[in-house]
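Below is one structure, written out as structure tokens, with a few remarks after it.
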Amino acid sequence: MRTHLWHKTRRSRLATGKKGFSSIVGAIFMVLIVWILASSYFIWTLSENTVYNVAIREKNQLEVDRLNERLSAENVNYTVSDDDVSVEVDLRNESPLSVHITTLWVLDTNVREYGFNDTLNINLKPGETVSLIGTEAIKVIIEDADNNHVFNSWFVTTRGNAVLLRKEKGIILAQVSAGIGSVAMDFSSFKYYNVTQVNSTAWKLSPPGGASGYVLPNNASQPLALNVSLTNYDPAKRNITLYPHSALWMILPTSNTAGGKYPATVNWFIVNVDSNGYIAQSFTPITIPYGSSVSVIFASSNDGSFSTQTLAPPQGQSFNNQPAAVNLMLIGTIGNSLYGQNIPFVSVYVGQQY
Amino acid sequence: MQSTKILKLLRERRAVSAVISNVILIGAVIAVGFAVLGWTYSRSSAYMTQYSESVNSDVDKLRERVSFEYVFYNNTAKSLSIYLMNSGKVGNMNFTTVYVSNTSWVGTFPSIQFQLKFLNGTSTPGLALGQEGNFVISLSSIPLTQGNVYTVKVVTWRGSSFENTFVA
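Each protein sequence line maps, in turn, to chains A and B.
The first sequence begins at -10 in this note's numbering and counts up by one.
The second sequence begins at 123 in this note's numbering and counts up by one.
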């Protein structure tokens, strides 16, 4: 009972007493102020650290992007006119990122002079290919540059990567002399085939693989076909398309001494042959892409539609044991231009006495 | 009644000195408190600004990147042409010092010995994002040996350094 009264009295004093109350309120306010200040400073510090961490992440991403940038620059060709070096190149973006090219640098290693073109603004999406040829070629000015000099060049991308230009296998001048133009022939693959009738409408080449074309059988009744492997080395890198008027023609001196020797000619027009050796009845133009080799068969006495052709001499004459000159007459288009070329390229021998 | 009470309070002189002293004391404490608060605030503010500048500086330094496009030594003029690009994520890039070295020698070139220019030849105090520039260093007093490999290091005003090797 006494204890109960004492507690009651104490509660009453606490409720009515004002001494020390302001100190408690002041202390609470002070703690609150300190807490707010400390929290705001802590949060501010955290935000500053976040900024720094974001910068580190950005830098890492930049490095990753830079390392992932892959660009191939192939089929490079340099053409020099005065001091202007034209660089033709096929570009392909092989990376999963877009690539922006800003500058091309070219170094003439012969004279140790260099030049650059920093006006490029080439954007390549992932997987995109761009051919900078012809009028699109990039021009760089290098003093004393010459067509016969050796050039090194590289692109610079916005991410700071340097992309070396890989020069294609050089074209040996002997392969494309002025007299031959844009086409080279593989002399080792010059062959002839016998043309045999499979049925009333189908004709086939035999034997498979053919035989050397440098010696032809003296058989006036055996239809023949001749195979030439042609490679397109057009300096302007255009495709060549051959039309049905293209022919292989031979100039054969006859062997009849009584009537005097005089040349005779035999033409084989171009034909289409499928992978099984069957000759198509009608002709579809054949395209030889730049830098590619295509086996072309000449077998028809007509242009455009197939009809057999034999090595038949004029009446009373013979081609036996005679050499003959072989020319190629190519008719068609090169790029978007008309094209025609006569190439004297091999000699053959008719008969057995080689 | 009310006015009589007020007059009585005004005429009362007991414990006045205690009230005045308390008022003065409270005023002094408040004044000192505000002064301390102001000083603390200014100090913390200065510290925050300094810290913020330091963080921003570090961030800019992180974002800095230089790509060497070409380094060419002209054996006739005995000069080194350095072509580079700002391939980072921050602009206003300038160079304070360039070092050219090999395994046994280091040449130091402060910024007063070279002039940063754009590729078109115009002088510039710095390179913005993606811009390309170059400068030429004269090495007439210490010519390089042709065919030897050297290292060139550029230091930016932010303190980043970038290296590249070249054949003289």
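All C-beta atoms, glycine included, are put in the ideal place defined by N, C-alpha and C.
Q | Short CB-CB distance (under 7 angstroms) between V274/B and chain A | A | Counting from 1 along the second sequence, the entry for residue 274/B is found at position 152. So, not an interface residue.
Q. How would you label E132/A, buried or exposed, when you count the other beta carbons within 10 angstroms and need 16 or more for buried?
A. Stepping through the first sequence from its first residue, residue 132/A is reached at position 143. Its Cβ having fewer than 16 others within 10 Å, E132/A is exposed.
Q. Is S235/A helix, strand or coil by DSSP?
A. Translated into the one-based positions of the first sequence, residue 235/A becomes position 246. Note: S235/A maps to coil in three-state DSSP.
Q. For chain A, is any of its Cβ atoms less than 7 angstroms away from the one on G325/B?
A. Because chain B spans 123 through 290 in this model, residue 325/B falls outside it and cannot be assessed.
Q.
Can you check whether the C-beta of V152/A is within less than 7 angstroms of a C-beta belonging to chain B?
A. What you label residue 152/A is simply residue 163 of the first sequence in a count that begins at 1. The beta carbon of V152/A does not come within 7 angstroms of any beta carbon belonging to chain B, so the residue lies off that interface.
Q. Between the C-alpha atoms of N42/A and F236/B, what's the straight-line distance to the nearest angstrom?
A. Along the first sequence, one-based indexing puts residue 42/A at 53. Along the second sequence, one-based indexing puts residue 236/B at 114. So the alpha carbons of these two residues sit roughly 35 angstroms apart.
Q. Going by the beta-carbon positions, is the gap between A44/A and L184/B smaller than 7 angstroms?
A. Position 55 of the first sequence, counted from the first residue, corresponds to residue 44/A. Position 62 of the second sequence, counted from the first residue, corresponds to residue 184/B. Yes, Cβ-Cβ distance for A44/A and L184/B is below 7 angstroms.
Q. Looking at C-alpha atoms only, which residue of S36/A, S28/A, T297/A, K(-3)/A is the closest neighbour of S189/A?
A. Within the first sequence, residue 189/A is the residue found at index 200, counting from 1. Comparing Cα-Cα distances from S189/A to each of S36/A, S28/A, T297/A, K(-3)/A, the minimum goes to T297/A.
Q: Find out if the Cβ-Cβ distance for the pair N214/B, G248/B is shorter than 7 angstroms.
A: Stepping through the second sequence from its first residue, residue 214/B is reached at position 92. Stepping through the second sequence from its first residue, residue 248/B is reached at position 126. Inclusion of N214/B and G248/B in the CB contact set at 7 angstroms is warranted, their separation being smaller than that value.
Q: Specify the secondary structure class of A137/B as computed by DSSP and reduced to three states.
A: Counting from one through the second sequence, the residue named residue 137/B turns up at place 15. A137/B falls in the coil class under three-state DSSP.
**Q.** Other residues of its chain near N207/A: CB distance less than 7 angstroms, five sequence neighbours each side excluded
**A.** The residue given as residue 207/A occupies position 218 in the first sequence. Contacts found: F308, N309, V339, G340.
Q: Answer with buried or exposed for Q186/A, where buried requires no fewer than 16 other C-beta atoms within 10 angstroms of its C-beta.
A: Mapped onto the first sequence, residue 186/A falls at position 197. With fewer than 16 other Cβ atoms within 10 Å, it is exposed.
Q. In terms of residues, what are the limits of the beta strand (DSSP E) holding A253/A?
A. Along the first sequence, read from residue 1 onward, the residue named residue 253/A stands at position 264. Where A253/A is concerned, the enclosing beta strand (DSSP E) stretches over 252 to 260.
**Q.** CB contact below 7 angstroms: V145/A versus chain B
**A.** Here residue 145/A is taken as the residue at index 156 of the first sequence, counted from 1. For V145/A, the answer is yes, since a Cβ of chain B falls inside 7 angstroms of its Cβ.
Q: Would you kindly work out how many angstroms separate the C-alpha atoms of T278/B and L159/B, rounded to a whole number?
A: Looking up residue 278/B in the second sequence gives position 156. Looking up residue 159/B in the second sequence gives position 37. Taking C-alpha positions only, T278/B is separated from L159/B by approximately 41 angstroms.
(Q) Is L184/B close to chain A? Criterion is C-beta to C-beta, closer than 7 angstroms. (A) Start at 1 with the first residue of the second sequence, and residue 184/B comes out as number 62. Yes, L184/B lies at the interface with chain A (some Cβ there is under 7 angstroms from its Cβ).
Q.
Between the alpha carbons of V260/A and P274/A, how many angstroms are there, rounded?
A. What you label residue 260/A is simply residue 271 of the first sequence in a count that begins at 1. What you label residue 274/A is simply residue 285 of the first sequence in a count that begins at 1. Distance between the alpha carbons of V260/A and P274/A: 9 angstroms.
Q) Any C-beta of chain C sitting closer than 7 angstroms to the C-beta of E191/B? A) The structure shown contains no chain C; its protein chains are A and B.
(Q) Is there a C-beta anywhere in chain B that falls below 7 angstroms from the one on D396/A? (A) Residue 396/A lies beyond the residue range present for chain A, which begins at -10 and ends at 343; the question has no answer from this structure.
Q) In chain A, what lies closer than 8 angstroms to Y221/B by C-beta? A) The residue given as residue 221/B occupies position 99 in the second sequence. Per Cβ cutoff of 8 angstroms: no residues; Y221/B is ~20 angstroms from chain A at best.
Q. Would the stretch 90 to 102 of chain A and the stretch 141 to 151 of chain A be scored as touching if the rule is three or more Cβ pairs under 8 angstroms?
A. yes
Q: Let me know if P212/A comes out buried or exposed under the rule of 16 or more other beta-carbons within 10 Å of its beta-carbon.
A: Counting from one through the first sequence, the residue named residue 212/A turns up at place 223. So P212/A ends up on the buried side.
Q: Go to L26/A, then tell me how far its alpha helix (DSSP H) extends in each direction, as first and last residue.
A: Taking the first sequence and counting its residues from 1, the one referred to as residue 26/A is at position 37. From DSSP, the alpha helix (DSSP H) with L26/A extends over 10 to 57.
(Q) Which of the three DSSP states is assigned to D182/B in this structure? (A) Here the question's residue 182/B lines up with position 60 in the second sequence. The answer is helix: DSSP assigns D182/B an H, G or I state.
Q. Taking Cβ positions only, does S209/B come closer than 7 angstroms to chain A?
A. Residue 209/B sits at position 87 when you count from the first residue of the second sequence. Yes - at least one Cβ of chain A is within 7 angstroms of the one on S209/B.
Q: Taking C-beta pairs closer than 7 angstroms, name the residues in chain B that A44/A reaches, listed in chain order.
A: Residue numbering aside, residue 44/A sits at position 55 when the first sequence is read from its first letter. Those within 7 angstroms of A44/A in chain B are V181, L184, R185.
Q) How would you list, in chain order, the residues of chain B whose beta-carbon sits under 7 angstroms from the beta-carbon of D107/A? A) If you number the first sequence from 1, residue 107/A lands on position 118. What D107/A touches in chain B: L241, E254.
Q) What are the boundary residues of the beta strand (DSSP E) that includes Y192/B? A) To locate residue 192/B, count along the second sequence from 1; it is residue 70. Run containing Y192/B: 188 to 196, per the beta strand (DSSP E) assignment.
Q | Boundaries (first-last residue) of the beta strand (DSSP E) holding H89/A | A | For this step, residue 89/A is matched to residue 100 along the first sequence. First-last of the beta strand (DSSP E) with H89/A: 88 to 97.
Q.
Between which residues of its own chain and S245/B is the CB-CB distance below 8 angstroms, once the five residues before and five after are set aside?
A. Within the second sequence, numbered from 1, the residue matching residue 245/B stands at position 123. If you ignore the 5 residues before and after S245/B, its C-beta comes within less than 8 angstroms of the C-beta of Q237, L238, K239, all in its own chain and listed in chain order.
Q: Could you tell me which chain A residues have their CB closer than 9 angstroms to the CB of F288/B, listed as they occur along the chain?
A: Position 166 of the second sequence, counted from the first residue, corresponds to residue 288/B. Simply none; closest approach about 12 angstroms.
Q. Grouping DSSP H, G and I as helix and E and B as strand, with all else coil, what is L317/A?
A. Against the first sequence, residue 317/A aligns to sequence position 328. DSSP places L317/A in strand when its eight states are reduced to three.
Q: Inspect the beta-carbon positions of G199/A and N216/A and report whether they are closer than 7 angstroms.
A: What you label residue 199/A is simply residue 210 of the first sequence in a count that begins at 1. What you label residue 216/A is simply residue 227 of the first sequence in a count that begins at 1. Going by C-beta atoms, G199/A is nearer than 7 angstroms to N216/A.
Q.
Let me check understanding here. Comparing Cα to Cα, which of D72/A, A62/A, P85/A lies closest to I122/A?
A. In the first sequence, the residue the question calls residue 122/A occupies position 133. Of D72/A, A62/A, P85/A, the residue nearest in Cα terms is A62/A.
**Q.** Given L327/A as reference, the closest of Y251/A, R0/A, I229/A, T243/A once Cα atoms are compared
**A.** Counting from 1 along the first sequence, the entry for residue 327/A is found at position 338. Measuring from the Cα of L327/A, the nearest candidate turns out to be I229/A.
(Q) Cutting at 6 angstroms between CB atoms, please list the residues of its own chain near S178/A, excluding the five before and the five after it. (A) Walking along the first sequence from the start, residue 178/A turns up at place 189. Cβ within range, chain order: S218.
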